[in-house]
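Colleague: Residue numbers (my numbering): 466 to 670.
We put the CB at the ideal spot given by N, CA and C, even for glycine.
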């Protein structure tokens, strides 16, 4: 992300939107992480992890971000949660988490920043236990083609996904969506909750 997007993503209005709109919608789509172990990818300054701990009642959050500066900010923000949170520098394509170790992975609009985004999704599936949830809110190709996005923000130029292509990729990795994903803001965003099968019969990782 460039400086403009970092300011937008890590701003009070963005935190308000997560709290007041995105989380309630994801709850209606089936997100349930109270008392569970969670990974948040691309945690930024920790606003999302704070909501996961406070509002959704996660038992433990491993919050990961590529930017060491953001990791330090998140650690300060989340220090009051003590052992319930672990903030680390890490790559969405190489999470510092063991196989099948967590109950949920949360993606607050991070995967579309990853040039090899399918690898990031596969990595999320790897760390999920059987029956675990991938909770996502993603930005689609439709949004990235807008003048405002092209002019002021920086994103990978190739292999961008539509809402349908993102959901299809989840299915190819063996995930299912008990409640269909939804698009918002004229197709700019796709939100949903995908579930890893509880049995060994799943797609290739």
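With a cut-off of 8 Å on the beta carbons, I'd call residue 644 and residue 494 a contact; round off their distance for me.
Modeller: Sure, about 5 Å apart at Cβ, within 8 Å.
Colleague: Touching or not, the stretch 512-524 and the stretch 576-583, by the rule of three or more beta carbon pairs under 8 Å?
Modeller: Taking 8 Å as the limit for Cβ pairs, the verdict is that the stretch 576-583 does not touch the stretch 512-524.
Colleague: I want to know whether the stretch 581-598 touches the stretch 561-570 - three or more CB-CB distances under 8 Å.
Modeller: Output reads yes: the stretch 561-570 touches the stretch 581-598.
Colleague: Determine the DSSP secondary structure at residue 663, reduced to helix, strand or coil.
Modeller: Looking at residue 663 - three-state DSSP - the assignment turns out to be coil, as it is neither helix nor strand.
Colleague: Answer yes or no: do residue 500 and residue 528 have a C-beta to C-beta separation smaller than 9 Å?
Modeller: Against a cut-off of 9 Å, the Cβ pair of residue 528 and residue 500 comes out as no contact.
Colleague: Can you check whether the CB of residue 552 is closer than 9 Å to the CB of residue 543?
Modeller: Result yes, Cβ atoms of residue 543 and residue 552 sit closer than 9 Å.
Colleague: CB-CB under 8 Å to residue 671, same chain, minus the five flanking residues each way: which ones, in chain order?
Modeller: Lying outside 466 to 670, the shown extent of the chain, residue 671 is not represented and no answer is given.
Colleague: Taking residue 639 as the reference, give the member of 588, 604, 541 with the closest Cα.
Modeller: Nearest option by C-alpha distance: 588.
Colleague: Are the CB atoms of residue 605 and residue 654 within a distance shorter than 9 Å?
Modeller: Yes, these two residues count as a Cβ contact at 9 Å.
Colleague: Using only the alpha-carbon positions, how far apart do residue 557 and residue 637 sit?
Modeller: Cα to Cα, the separation comes out at about 19 Å.
Colleague: With 16 other CB atoms within 10 Å as the buried threshold, where does residue 521 fall?
Modeller: The residue in question, residue 521, is buried, as its Cβ has 16 or more Cβ neighbours within 10 Å.
Colleague: Going by alpha carbons, who is nearest to residue 574 out of 509, 541, 560?
Modeller: Among 509, 541, 560, the Cα nearest to that of residue 574 is on 509.
Colleague: Would DSSP call residue 553 helix, strand or coil?
Modeller: Of the three classes helix, strand and coil, the one that applies to residue 553 here is strand, per DSSP.
Colleague: Sort out for me which residues DSSP pairs residue 567 with in a bridge.
Modeller: In DSSP, residue 567 forms a bridge with 593.
Colleague: Go through its chain and collect everything with a Cβ distance to residue 663's Cβ below 7 Å, but skip five positions before and after it.
Modeller: Hits under 7 Å: 595, 596.
Colleague: Is the beta carbon of residue 490 sitting closer than 9 Å to the one on residue 649?
Modeller: The answer is yes: Cβ separation under 9 Å.
Colleague: Using CA coordinates, which residue listed in 629, 600, 504, 651 is at the minimum distance from residue 560?
Modeller: Residue 560 has its Cα closest to that of 504, out of 629, 600, 504, 651.
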